[in-house]
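Inspection log for the structure reproduced underneath, given as structure tokens.
In the numbering used here, the protein residues as written are 4 to 291.
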């Protein structure tokens, strides 16, 4: 059971990345490849606030959420909105990749390549649960991923903002005719995803550490979780992330550390052949 807990906790990290992707897709109609870099930026910031400055973890969470929302909103204004004004949506992937590279360069220049880590604020002791050993941070990661996915699923379907944003994503022109500020909703979606990324720093850093190299890993594995779980589905992000984490954990344990990428690639192909939008995805969002 210990290997299951390890896989679920690692999958929860991927699920949280996929949830961030789905926020900008569902509420803004844009796939933001820089989201993984925002999470790593939050990890470095948490190390700076907690380990370097000695401030409490909740300070890092609150400041990280505010800073993440601000930076992601700036990304939308600078890297996304000008492209959409020229009606060249295919270039959005290039501009968000550019944002990823910029953030990665800033992290490298500021903190270098040396990995950093912080202790978990809930304690370092491992627990025995259902016959396996599990760290407290692992349980928190799983709980937060499930809560974030379910909460955003309900928010997207029962709140006025969520319904308006989903409508604007599905048909922006019709939404504009009904007085919906599509651009403001898209900026809000980026800010919400950035706030989530910034909030996760004190929770993700004890699990993954903070290093520039991990940004591309989180970005790719988060995308695989999104593709498997479903484009536009927050519950699908949870399922996709946990499945990816379990596959990685079991294959690393019984086959070797070189096999997980291959097995995950095979899994991704199998799911996309059978269900192009993912297990729980909506067809309308697949083309974005």
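A virtual CB, placed ideally from N, CA and C, is assigned to each residue, including glycine.
None of these values were measured; they are calculated from a predicted model.
Based on the DSSP output, what are the partners of residue i in its beta bridges?
i: residue 131; result: 136
i: residue 9; result: DSSP output for residue 9 lists no bridge partner at all.
i: residue 213; result: 119
Over the uninterrupted alpha helix (DSSP H) stretch that includes residue i, give me the two end residues.
i: residue 118; result: Taken as a continuous stretch (DSSP letters only), residue 118 belongs to no alpha helix (DSSP H), as it is neither H nor E.
i: residue 78; result: 60-78
i: residue 251; result: 237-257
i: residue 53; result: Here residue 53 belongs to no alpha helix (DSSP H), and DSSP marks it neither H nor E.
i: residue 81; result: Looking at the DSSP string, residue 81 is not in any alpha helix (DSSP H), and its letter there is neither H nor E.
i: residue 267; result: 263-277
i: residue 32; result: From DSSP, residue 32 is part of no alpha helix (DSSP H); its letter is neither H nor E.
i: residue 103; result: 95-114
Please name the residue, chosen from the options, that lies closest to residue i on a Cα-to-Cα basis.
i: residue 279; options: 26, 235, 206; result: 235
i: residue 200; options: 20, 11, 9, 7; result: 20
i: residue 143; options: 49, 97, 208, 157; result: 208
i: residue 129; options: 5, 264, 259; result: 5
i: residue 33; options: 99, 17, 54; result: 99
i: residue 241; options: 111, 256, 224; result: 224
i: residue 68; options: 265, 282, 198; result: 198
i: residue 35; options: 53, 75, 48; result: 75
i: residue 96; options: 134, 70, 37; result: 37
i: residue 269; options: 231, 89, 283; result: 231
i: residue 222; options: 132, 188, 102; result: 102
i: residue 173; options: 187, 31, 15; result: 31
i: residue 48; options: 89, 16, 111; result: 111
i: residue 63; options: 148, 165, 203; result: 203
i: residue 166; options: 29, 18, 14; result: 29
i: residue 170; options: 51, 185, 158; result: 185
i: residue 238; options: 283, 59, 138; result: 283
i: residue 276; options: 94, 132, 233, 259; result: 233
i: residue 137; options: 13, 183, 87, 59; result: 13
i: residue 55; options: 39, 119, 78; result: 119
i: residue 205; options: 145, 59, 189; result: 59
i: residue 164; options: 258, 183, 147; result: 183
Within the 9 Å Cβ cut-off, does residue i reach chain B?
i: residue 217; result: The question asks about chain B, but that chain is absent: this structure has only one protein chain.
Compute the minimum distance between the beta carbon of residue i and the heavy atoms of the ligand HEM, and state whether it is under 8 Å.
i: residue 184; result: The ligand HEM is absent from the structure shown, which contains no ligand whatsoever.
Considering only residues of the segment 131-206, which uninterrupted beta strand (DSSP E) runs meet the minimum length of 3 residues and lie entirely inside it, listed in chain order?
135-138
Specify whether the segment 36-48 and the segment 106-116 touch according to this definition: at least 3 beta carbon pairs, one from each stretch, less than 8 Å apart.
yes
Any chance the segment 213-232 sits against the segment 115-125, with 3 or more Cβ pairs inside 8 Å?
yes
Is it true that the segment 246-264 meets the segment 5-23, where meeting means three or more beta-carbon pairs spaced less than 8 Å apart?
yes
contact_flag[the segment 120-137, the segment 170-185] where n(CB pairs < 8 Å) is 3 or more
no
Validate contact between the segment 15-33 and the segment 150-165 using beta carbons, cut 8 Å, 3 pairs:
yes
Counting Cβ pairs, one atom from each stretch, are 3 or more of them under 8 Å apart for the segment 185-200 and the segment 68-83?
yes
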